[in-house]
Amino acid sequence: MLGLRPSRAARFLGLVLAACLTLLGFGVPHAASAHQGPPPGSPTEFSWLPDHLRLDGAGLAWRVEYTSTSFDGTRNIVGGTITFPSGRPPAGGWPIAALLPGASGTAEQCAPSIAGNPPFATPLLESLLAAGWAVAETDYEGVSTPGPNPGIHGPSEAYSAIDLVRVAQHIGIASRTWAAVGYSQGGHGALHTSALAADYAPELDHVGTIAIAPVTQLQLLLSAPADDPGFPVNVFMPYFGAALAATHPGQYQPADWFTPAGLALVAAAGERCTEQMAAQTAALTNADVFTDAPAAMAQMRELLAAQEIPTAGHTEPIRIVHGTTDGLPWQFTELTAAQLEGGGADVEFVPLTGEDHFSVLAAAEPMVLDWLAAFLE
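Mapping the sequence shown onto numbering that gives the first Met the number 0, position 79 (from 1) lands on 78, and the numbers just tick up by one.
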């Protein structure tokens, strides 16, 4: 445009868009509540995505902050990124893949919009761009923006993803057509997104959901042998403790369930990314972290029961893939797929022989792209 090289043209358009959004009233303070501020899906900050975080094949790309709906129903601010493919957009704009990432930690420096994605996840995102999908990746509530992170909380995950798709609508090259693509914790969020999308954002055209190695069957996941005192402690237990204290104040107190060593881990959950927490918990058992592991897990199961995958409300196709050597049992996902099918959903489940929780992303890539293409037919 006007003789600018493509990279400079993209940067110029980004700056123009950010200025226009500010003039239109979208540059609002961080503070937001259920009764003030713009509606969910309104951008509050746009900034150019740094070069070191840009995906190969990216055109326009931003880090954004936007309004959404918190776990408690109030208004909040969430961070994320929106990346469009390079080149000319199709008629009607680029379709959007709402990406719900795996858990990386709840500290600001762990957020995908600040730290980027892990090397094993990046190729899939770049393949989505190459296939003509814009990628809108949420950080989740309370990760890169103020406020608590509710952990495994389906509605919060879903709202964060859907509202970022709404943000993309403020950019003229985005389509109303979108699909949810989630991995690990994001798979849990994607399946909740599938159930909530039609009612939460009827103005958008949700065409389907893909869940890769999703976290499902929380009641089983937190039962024997995982609740045995001698069992290696799950790296996410400190995060669960911190999240439940935020989502169930007065009902859940970490001091009632965690040892002094465990409480130190809970306190560190807001500062440590998952790789650091894994190193810190590597040699610990449940007995090191919990005062009474079976009772502590029973309490978690009770409070997390509402976060099981809903079996109703799914109006669009659901496709699920899970590796058979994953430490997160693929059989739990197979059970979830059967429950979804029993609830009337259009579900396909594919177990990938020999793939683990990390290799599954590369192995699943061809079918993910095929499924997305079929969603558009």
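C-beta: ideal position from N, C-alpha, C; glycine also.
Nearest to P84 by C-alpha distance, out of H187, A197 and A173, is A173. For A363, the uninterrupted alpha helix (DSSP H) run begins and ends at V359 to F374, by DSSP. The distance from the Cβ of L217 to that of I151 is about 7 Å, consistent with a contact at the 8 Å cut-off.
In chain order, E64 place their CB closer than 6 Å to the CB of E44, counting only its own chain and leaving out the 5 sequence neighbours on each side. The three-state secondary structure of T208, taken from DSSP, is strand. Secondary structure of H187 (DSSP, three-state): helix.
In the three-state DSSP reduction, T144 falls in the coil class, being neither helix nor strand. Around the beta carbon of L375, fewer than 16 other beta carbons sit within 10 angstroms, so the residue counts as exposed. Out of D287, A223 and F239, the CA that lies nearest to the CA of P293 is found in A223.
For T352 against T323, the beta-carbon gap comes to about 5 Å, under 8 Å, which counts as contact. Inclusion of L98 and E156 in the CB contact set at 8 Å is not warranted, their separation being larger than that value. Under the three-pair Cβ rule at 8 Å, the region 233-253 does not count as touching the region 351-367. Between the alpha carbons of T208 and A179 lies a gap of roughly 5 Å. Residue environment for P253: buried (at least 16 other C-beta atoms within 10 angstroms of its C-beta). Counting only unbroken stretches of 4 or more residues, the alpha helix (DSSP H) elements lying wholly within the region 216-297 are 217-220, 236-246, 259-267, 273-280 and 285-288, in sequence order. For R175, the closest of S126, P89, T66 and F70 by C-alpha to C-alpha distance is P89.
Our two residues, W93 and V166, have alpha carbons roughly 14 Å apart in a direct line. Excluding residues up to 5 positions away in sequence, A225 lie with their Cβ nearer than 7 Å to the Cβ of N233 in the same chain. Looking at A160, P37, T273 and S67, the one whose alpha-carbon comes closest to that of H187 is A160.
Judged by DSSP in its simplified three-state form, R165 adopts helix. Close CB contacts of L303 within its chain, under the 6 Å cut and outside five residues either way in sequence, are with L217 (chain order).
According to the DSSP assignment, P84 belongs to the beta strand (DSSP E) that extends over R74 to P84. By the criterion of at least three beta-carbon pairs nearer than 8 Å, the region 130-150 is in contact with the region 69-88. Of the residues assessed, P100 falls on the buried side of the cut-off, its CB having 16 or more other CB atoms within 10 angstroms. Judged by DSSP in its simplified three-state form, L54 adopts coil rather than helix or strand. Under the three-state reduction of DSSP, T105 is assigned to coil, being neither helix nor strand. Annotation: A305 is outside any beta strand (DSSP E) and is labelled neither H nor E by DSSP.
If you draw a straight line from the Cα of Q306 to the Cα of M299, it comes to about 11 Å.
Contact between the region 307-323 and the region 355-369 is present: three or more C-beta pairs spanning the two stretches fall below 8 Å.
Proximity of the region 194-206 to the region 258-265 falls short of the contact definition, fewer than three beta-carbon pairs being nearer than 8 Å. In the pairwise beta carbon analysis, the region 189-202 is classified as not touching the region 103-121: fewer than three pairs are separated by under 8 Å. In this structure T284 touches G229 by the C-beta definition: roughly 5 Å separates them, less than 8 Å. Counting along the chain, T324 sits inside no beta strand (DSSP E), nor does DSSP assign it H or E at all. DSSP lists E64 as the beta-bridge partner residues of E44. For the options E364, W370 and G40, the alpha carbon positioned closest to that of P122 is the one of E364.
Annotated three-state conformation of I151 is coil, per DSSP.
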